[in-house]
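Report on one structure; see the data block that follows.
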Amino acid sequence: MDIGLYMLKIEEILKKLEEVDKAVKSADEVKMKALALSDQISRKYSDEIVKKIEEIVNNAVVNYKKNAAEEAKKQAEKILQNAEERGRKILQRYQERRGELVSRALAILNI
């Protein structure tokens, strides 16, 4: 065969290799863009998820504080009622015993 024919074949092969190289570079560029976009999207949604979780936690804390305050108030009222009831019972027993003690003292003194 003729050297010119070989040269044409080599040029044709080189052109095809250049096209393949361009296609590979283009694929790499698309891959890099896709990675960048996926990273950007994941950060965006990650930030949104973090914000939503923070909102849920903050609401839970507010509700817990509110419920805890209400429960503490109920417990304090219950303790106060129990203390008042005990105070009334003690006062009632004191008055009953006072009457008995006064009666005994008067009986002892024969008054």
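Residue numbers (numbering that gives the first Met the number 0): 0 to 110.
All C-beta atoms, glycine included, are put in the ideal place defined by N, C-alpha and C.
Requested in this report: May I ask you to report which of helix, strand or coil DSSP gives residue 27?
Outcome: By 1-based counting over the sequence shown, the position of residue 27 is 28. If DSSP states are grouped into helix, strand and coil, residue 27 belongs with the helices.
Report task. Express the C-alpha separation of residue 98 and residue 108 in angstroms, rounding to a whole number. Result -> For the purposes of this step, residue 108 is taken as the residue at position 109 of the sequence shown. For the purposes of this step, residue 98 is taken as the residue at position 99 of the sequence shown. In a straight line, the C-alpha of residue 108 is about 15 Å away from that of residue 98.
Query - Coil, strand or helix - residue 109 by DSSP - result: Here residue 109 corresponds to residue number 110 of the sequence shown, with the count starting at 1. Coil at residue 109, not helix or strand.
Query raised in the report: If you draw a straight line from the C-alpha of residue 86 to the C-alpha of residue 51, how long is it?
Result: Here the question's residue 86 lines up with position 87 in the sequence shown. Here the question's residue 51 lines up with position 52 in the sequence shown. If I take the Cα positions, the gap works out to 52 Å.
Query raised in the report: Could you give the distance in angstroms between the alpha-carbon of residue 127 and the alpha-carbon of residue 61?
Result: Only positions 0 to 110 of the chain appear in this structure, which leaves residue 127 out of reach.
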